[in-house]
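Visitor:
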Amino acid sequence: MTVEPSHPRVGIAAIVIRDGMVLLGQRCSALGNGTWALPGGHLEFGESIEDCARREVLEETGLTIGAITPGPCANNVFVAEGRHYVTLFVIAEAHAGEPEAREPDKCAGWSWWRWAEFPAPLFPSLETLRQSGFTPL
Ligand code: 8DG
Ligand code: MG
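Numbering-wise (the numbering used here), the sequence shown opens with residue 74 and increments by one.
#1: Would you kindly work out how many angstroms separate the C-alpha atoms of residue 163 and residue 112, rounded to a whole number?
#2: For my contact list, residue 132 and residue 176 are in at a C-beta cut-off of 8 Å; report their separation, rounded to the angstrom.
#3: Thinking just about the alpha-carbon of each residue, which of 209, 192 and 173 is nearest to the one in residue 130?
#4: Under a Cβ-count criterion, where at least 16 other Cβ atoms within 10 Å of its own Cβ denotes burial, should residue 108 be classed as buried or exposed?
#5: Assuming residue 98 and residue 182 form a contact by the criterion Cβ under 8 Å, report the distance between their Cβ atoms to the nearest whole angstrom.
#6: How about residue 140 and residue 202: do their beta carbons lie closer than 9 Å?
#7: Please state whether the Cβ-Cβ distance between residue 89 and residue 167 is less than 9 Å.
#8: In this structure, does DSSP put residue 164 in helix, strand or coil?
#9: Can you tell me whether residue 90 is helix, strand or coil according to DSSP?
#10: Starting from the Cα of residue 180, find the closest Cα among 153, 142, 155 and 135 and give me that residue.
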């Protein structure tokens, strides 16, 4: 993995909810390979948090999310990879459609999980969120 100059970046992660379940995918990307994570990605220059969340969820899953509620944040340093992310979580419902793995090189597939029954290992930012005691439902 390329080690970039050291400055924190902003990651947007969407807690996509349907029928009391949350959408998770197992990452194939170099960072957090094999961990379970929320759909999300980098906040681009000039982009709003809502637009980024909507764009990333659509690009990665094909789902369109409804009204977006701001959630908590997490601060995670990936020492070995030389990365530092501030993750902004948002919460939204996805009323219709089945999630598809639209970026199979990054995520093998999506599935719905109860918050209390999440699989392991979680992507570090999501693990941090869970350990904070936050529950979105
Ligand atoms: P992009 O470069 O196309 O914008 O994004 P991506 O290809 O979807 O990258 P990503 O790795 O999915 O997300 C970008 C970074 O956001 C990721 O390397 C680490 C950070 N990030 C967190 N927390 C979370 C999270 O819970 N889910 C996702 N998907 N990314 C997160 O810090
Ligand atoms: Mg992503």
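Yeah, the Cβ is synthetic: ideal placement off N, Cα and C, and Gly gets one too. Bear in mind that the values here come from a model prediction, so they are computed numbers and not experimental data.
Guide: Reading from the atomic positions:
#1: If I take the Cα positions, the gap works out to 11 Å.
#2: That pair is a contact at about 7 Å.
#3: The option with the nearest alpha carbon to residue 130 is 173.
#4: Counting other Cβ atoms within 10 Å of its Cβ, residue 108 reaches 16 or more and is therefore classed as buried.
#5: Residue 98 to residue 182, Cβ: 6 Å. Contact.
#6: The criterion of a C-beta distance shorter than 9 Å is not satisfied by residue 140 and residue 202.
#7: It is a contact, given that the beta carbons lie within the stated cut-off.
#8: In this structure, DSSP gives residue 164 an extended state, which the three-state scheme calls strand.
#9: The three-state reading of DSSP puts residue 90 in strand, counting E and B together.
#10: Per the Cα distances, 135.
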